[in-house]
Amino acid sequence: MESKKKITCPLLCAVSIAAIGSLQFGYNTGVINAPEKIIQAFFNQTLELRRGTPTSSELLTSLWSLSVAIFSVGGMIGSFSVGLFVNRFGRRNSMLLVNILAMVGGTLMGFSKMANAVEMLILGRFIIGLFCGLSTGFVPMYISEISPTALRGAFGTLNQLGIVVGILVAQIFGLKEIMGSESLWPLLLGFTVIPAILQCAALPFCPESPRFLLINKMEEEKAQAVLQKLRGTQDVAQDIQEMKEESTKMSQEKKATVAELFRSPNYRQAIIIAIVLQLSQQLSGINAVFYYSTGIFEKAGVKQPVYATIGAGVVNTVFTVVSLFLVERAGRRTLHLVGLGGMALCAVLMTIALTLKDVLSWISYISIVAIFGFVAFFEIGPGPIPWFIVAELFSQGPRPAAVAVAGCSNWTSNFLVGMLFPYAEKLCGPYVFIIFIVFLVIFFVFTFFKVPETRGRTFEDISRGFEGQAEGSGTIAAVEKSPMVELKGIESANDVTSNI
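Residue 493 in the numbering used here sits at position 318 of the sequence shown, with consecutive numbering throughout.
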């Protein structure tokens, strides 16, 4: 049992190097916000030189919106293409290959000012979006497949830690005193090339996923050698046996395409849970808070809103670390429920603070507390858990297709929130977060009744729980049990066996 919880140097290095892809996603999500006015001035100056006439404010706004939104469009396309790469090239090699996109995208953005080309910046944002969309599939899948069952949740949270550290770095680098100035903003956008080069240099020293080697490539000896290195022990017979059973089952199943995920009763409930959990992350309102946090702090009367936003980024990072230590103790489902409930309460406080900001001068402090609390609860559950639980809900065969579908739903909802929130804010004013409160309550109820606890379970156990429910739907219908109950039954049986 001790070896199951052992953290070895090769394992920690592989997970950390993979998480550079998550850091890239976070950095490129947050980097565009700080130099907004400077980049708009670049657009204005470039187009005026080219056309000889002043650029209308409507065109400038449209170009800026396109620059922000095109990143999410690239992310949607990239996330939906995950399966094309991981089944052909493997998990590690896929991460290595797509760094080419990060280098190309970063280079285009970095040299856009020198070339006086607005198109280079927009194209660069699209290409970096493609890279980030692919990375949001590759990284959680790789980490889940190389991690021991007992540490899968904790290491899975490192994916989210990479994202929030990336956002925080972007916020700090975006300060005028560092790279958020008129002369250095191209360097700020092009900086994404550096972590891409670092990851390219380090990934060849990381092992391929042992599950991919054994189940997909049928290379048992290589898989065994990788497991022995990652686990720090020669005795990996139990892991190998579990993979062999999964491989046998996979060979008997029909190929799991995206359409099959929704058609097959064995996968349907799991894919619905995966999609709803991804939606719970984006429709919780967290991106609205981060995209427009400076404006929210300004409206709340905060005198230095940029530093308050960076403070929210620090809270973001700290509570992701807290979640890392809690996820294997409290469980995924519990933390997700606590996170959703806490965010709903903080959103209520935020609404009250924004409503009364002109009546009570001290209410701005409540606004800060509410935003910091909102961010903290997000990182306890809805932030990290949807990314890695998708990989846990599916066995090796349908996992790439499921990760692609879930990732695409995440990026699509991200895009919609980014596009629609400004209009919702104009329409609803200080009551805008009531929309997110409604969503949070819906997701809380769904999680309570439908989402299973996956802590400590093997991939095979979890998928068997859904299949057992699908096959025995007649019996289960009479008792009206959720998949959570089904999995708890399996867990109890395994506990009894292990005690014997």
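All residues carry an ideal CB built from backbone N, CA and C; glycine is no exception.
(message) Residues in the same chain with beta-carbon distance under 6 Å from E395, minus the five sequence neighbours each way, listed in chain order, please.
(response) L389
(request) Between the Cα of S254 and those of E600, A577, T204, L568, spot the shortest distance and give me the residue it belongs to. (result) A577
(request) Give the secondary structure of T183 by DSSP, where H, G and I count as helix, E and B as strand, and everything else as coil. (result) coil
(request) Quick one: using the 10 Å Cβ neighbour count with 16 as the cut-off for buried, is L186 buried or exposed? (result) So L186 counts as buried.
(request) Within 10 angstroms of the Cβ of C184, are there 16 or more other Cβ atoms? Answer buried if so, exposed if not. (result) exposed
(request) Can you tell me which of the three DSSP states Q409 falls into? (result) coil
(request) Using only alpha-carbon positions, find the residue among R300, N262, R386 that is nearest to M278. (result) Nearest in C-alpha terms to M278, of all of R300, N262, R386, is R300.
(request) Determine the contact status of A566 and P315, defining contact as a CB-CB distance below 8 Å. (result) yes
(request) Figure out for me which residue from V190, L499, V513 has the closest Cα to the Cα of F549. (result) V513
(request) Going by CA-CA distance only, name the one from R504, E435, A551 that's closest to L515. (result) Nearest C-alpha to L515: A551.
(message) Short of 7 Å in beta carbon distance, which residues of its chain neighbour E417, apart from the five on each side in sequence? Order them along the chain.
(response) T633, E635
(request) For the region 477-488 and the region 572-591, state whether three or more C-beta atom pairs, one from each stretch, are separated by less than 8 Å. (result) no
(request) Report all residues from its chain with a CB closer than 6 Å to the CB of A345; omit the five preceding and five following residues, and keep chain order. (result) Y202, G205, V206
(request) Please state whether DSSP places G556 in a helix, a strand or coil. (result) coil
(message) Measuring straight from C-alpha to C-alpha, what distance separates I303 and S536?
(response) Cα to Cα, the separation comes out at about 42 Å.
(request) Measure the alpha-carbon distance for V464 versus F590 and round it to whole angstroms. (result) 14 Å
(request) Tell me the start and end of each unbroken alpha helix (DSSP H) in the region 284-365 that is at least 4 residues and wholly inside, in chain order. (result) 293-321, 327-348, 360-365
(request) Have a look at S231, L235, R327 and flag the residue whose alpha-carbon is nearest the alpha-carbon of I213. (result) The residue among S231, L235, R327 with its C-alpha nearest the C-alpha of I213 is L235.
(request) Measure the beta-carbon distance from I560 to L510 and round it to whole angstroms, keeping in mind my assumption that it falls under 8 Å. (result) 6 Å
(request) Whole angstroms is fine: what's the gap from L222's alpha carbon to P229's? (result) When only Cα atoms are considered, L222 and P229 end up about 8 Å apart.
(request) With DSSP as the reference, label V626 as helix, strand or coil. (result) coil
(request) Just mark C307 as buried or exposed, buried being the case when its beta carbon has 16 or more other beta carbons within 10 Å. (result) buried
(message) Tell me which residues share the same chain as T530 and place their Cβ nearer than 6 Å to its Cβ, disregarding the 5 neighbours each side in the sequence.
(response) In its chain, beyond the 5 residues on either side, P605 have a beta carbon closer than 6 Å to the beta carbon of T530.
(message) To the nearest angstrom, how far is the alpha carbon of S588 from that of T408?
(response) Computed Cα separation, rounded: 43 Å.
(request) Report the option in R508, T495, E503, F553 whose CA atom is closest to the CA atom of C521. (result) Of the candidates R508, T495, E503, F553, the one whose C-alpha sits nearest the C-alpha of C521 is F553.
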